[in-house]
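Here is the structure we will look at.
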Amino acid sequence: MTVQQEEVSAVEARQEQQARSVSAATISSLVVLAALVLCPFFISGFQTFQLNLMLIYAIAIMGLNLLTGFNGQFSLGHGAFYAIGAYTAAILIDTFGVSYVWTLPAAGVICFVSGFLFGLPALRLEGVYLALATFALAVATPQMLKLSILEHWTGGVQGIVIRKPKAPFDLPLSQDQWLYFFTLFVGLLLYWAARNMVKSRSGRAIMAIRDNPLAARSMGVNVALYKSLTFGVSALFTGIAGALGAIVIQFVAPDSFTFVLSVALLVGLVVGGVGWLPGAIVGGAFIVFVPNIAEEISKGLSGAMYGLMLILLIYVMPTGAGGLIRTVTDRLTRR
Numbered sequence: 012m013t014v015q016q017e018e019v020s021a022v023e024a025r026q027e028q029q030a031r032s033v034s035a036a037t038i039s040s041l042v043v044l045a046a047l048v049l050c051p052f053f054i055s056g057f058q059t060f061q062l063n064l065m066l067i068y069a070i071a072i073m074g075l076n077l078l079t080g081f082n083g084q085f086s087l088g089h090g091a092f093y094a095i096g097a098y099t100a101a102i103l104i105d106t107f108g109v110s111y112v113w114t115l116p117a118a119g120v121i122c123f124v125s126g127f128l129f130g131l132p133a134l135r136l137e138g139v140y141l142a143l144a145t146f147a148l149a150v151a152t153p154q155m156l157k158l159s160i161l162e163h164w165t166g167g168v169q170g171i172v173i174r175k176p177k178a179p180f181d182l183p184l185s186q187d188q189w190l191y192f193f194t195l196f197v198g199l200l201l202y203w204a205a206r207n208m209v210k211s212r213s214g215r216a217i218m219a220i221r222d223n224p225l226a227a228r229s230m231g232v233n234v235a236l237y238k239s240l241t242f243g244v245s246a247l248f249t250g251i252a253g254a255l256g257a258i259v260i261q262f263v264a265p266d267s268f269t270f271v272l273s274v275a276l277l278v279g280l281v282v283g284g285v286g287w288l289p290g291a292i293v294g295g296a297f298i299v300f301v302p303n304i305a306e307e308i309s310k311g312l313s314g315a316m317y318g319l320m321l322i323l324l325i326y327v328m329p330t331g332a333g334g335l336i337r338t339v340t341d342r343l344t345r346r
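Following our numbering, the numbering of the sequence shown begins with 12 at its first residue and continues without gaps.
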């Protein structure tokens, strides 16, 4: 066999391996989607509510992943954008009687503007300094929501109570089931948008900034603009998640959006896999279910159990669920 024939064989082998990986990923995605669609018909209303929260947190983690995983900007303040989205939906529904459906784009636009404006001064900050700035945002937001000036809109410390919508067109679904499918539809739409964004020319520019900002700037990439836009888009995803959370939980209050929420989103990002969009669903499941499991193991030491489980999980999956799945897939496709 000549050298040229060996090269052709190697290329064909790589193409076959890639085709197997794509097929395995497609089959896995369809299985997960089918499970998500069928689950509400075989579980209780409370469990459907928990799955709904999992999807909501997954949307927020997707937004954080665009910022941290693909653009390299570290944030400890996405709980603030979640709160802004939640209050936007609650105020529009409670005060102005807007349909819950239209509160989602409103929350997305407001959070996009907020994230973009916050990203402009943050351009001078990197690493731990950016983390400190976003930390300050997360800590200040709940306190600002309690201000007497805004109490007419936000309800102050008492918050806002809203009604849970019913299924339209007389569909034979409970309120929890309908909101679950509504959230699933929104989540799939946002996942499609995030996936296309990452694979686009803008996505390549965003990742180039993450890998080497100086090289990206020398190639003509407007680093300042892309960083600010990425911050805005990330906040948009998180704001929509916050609006969905307000609609599903039916209540918003400043103390529901403390710094702990921002840390939980960051933990979900790491567990799911930094830079891997499907990992958001794993991160959302971790945020919702692992604290409950830790409390069942030991109510008095639930925090310690949660920390121990997190340490063990990171030890087993140092690169998150995304890294583990990629490793397993590579080994299977090589056979």
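Each residue gets a CB set at the ideal place from its N, CA and C atoms; glycine is no exception.
If contacts are defined as beta-carbon pairs under 8 Å, then residue i and residue j qualify, I think. What distance do you get, rounded to the angstrom?
| i | j | result |
| --- | --- | --- |
| residue 242 | residue 78 | 6 Å |
| residue 149 | residue 251 | Their Cβ separation, rounded to whole angstroms, is 18 Å, which puts residue 149 and residue 251 out of contact at 8 Å. |
| residue 123 | residue 246 | 6 Å |
| residue 104 | residue 173 | 5 Å |
Check for me: the alpha helix (DSSP H) holding residue i runs from which residue to which?
| i | result |
| --- | --- |
| residue 282 | 270–283 |
| residue 65 | 56–79 |
| residue 257 | 234–260 |
| residue 178 | Here residue 178 belongs to no alpha helix (DSSP H), and DSSP marks it neither H nor E. |
| residue 327 | 313–327 |
| residue 307 | 290–308 |
| residue 104 | 89–105 |
| residue 330 | That residue, residue 330, is in no alpha helix (DSSP H); it is neither H nor E in DSSP. |
| residue 150 | 139–156 |
When the Cα atoms are used, what is the spatial distance from residue i to residue j?
| i | j | result |
| --- | --- | --- |
| residue 226 | residue 215 | 13 Å |
| residue 175 | residue 106 | 15 Å |
| residue 287 | residue 224 | 21 Å |
| residue 309 | residue 320 | 12 Å |
| residue 342 | residue 334 | 12 Å |
| residue 21 | residue 340 | Low confidence applies here, because residue 21 scores a pLDDT of 49, under 50, leaving its location unreliable; read the following figure in that light. C-alpha separation (whole angstroms): 19 Å. |
| residue 235 | residue 209 | 18 Å |
| residue 51 | residue 253 | 22 Å |
| residue 19 | residue 201 | Confidence at residue 19 is low in this model, with a pLDDT of 44, below 50, so the placement of that residue is unreliable and no value is reported for it. |
| residue 11 | residue 291 | For residue 11 there is no data in the structure shown, the boundaries of the chain being 12 and 346. |
| residue 49 | residue 191 | 11 Å |
| residue 249 | residue 289 | 16 Å |
| residue 337 | residue 283 | 12 Å |
| residue 313 | residue 74 | 29 Å |
| residue 228 | residue 222 | 12 Å |
| residue 97 | residue 263 | 7 Å |
Between which residues of its own chain and residue i is the CB-CB distance below 6 Å, once the five residues before and five after are set aside?
| i | result |
| --- | --- |
| residue 102 | 164 |
| residue 270 | 149, 150 |
| residue 265 | 153, 156, 157 |
CB-CB under 8 Å to residue i, same chain, minus the five flanking residues each way: which ones, in chain order?
| i | result |
| --- | --- |
| residue 232 | 216, 219, 220 |
| residue 197 | 70, 115, 251, 255 |
Any heavy atom of the ligand COA closer than 6 Å to the Cβ of residue i?
| i | result |
| --- | --- |
| residue 304 | Among the components of this structure there are no ligands whatsoever, and the ligand COA is therefore not found. |
- Item | Stretch-stretch touch, CB-based, cutoff 8 Å, three pairs: the region 81–96 with the region 134–150 | By the criterion of at least three beta-carbon pairs nearer than 8 Å, the region 81–96 is in contact with the region 134–150.
- Item | contact_flag[the region 39–58, the region 273–281] where n(CB pairs < 8 Å) is 3 or more | Output reads no: the region 273–281 does not touch the region 39–58.
- Query: Is the region 110–124 touching the region 248–262 in the sense that three or more CB pairs, one from each, lie closer than 8 Å?
  - Reply: Because the criterion of three Cβ pairs below 8 Å is met, the region 248–262 and the region 110–124 touch.
- Query: Using 8 Å as the threshold, is the region 69–88 in touch with the region 124–141, meaning 3 or more CB pairs across them?
  - Reply: Per the Cβ contact rule, the region 69–88 is in contact with the region 124–141 (3 or more Cβ pairs under 8 Å).
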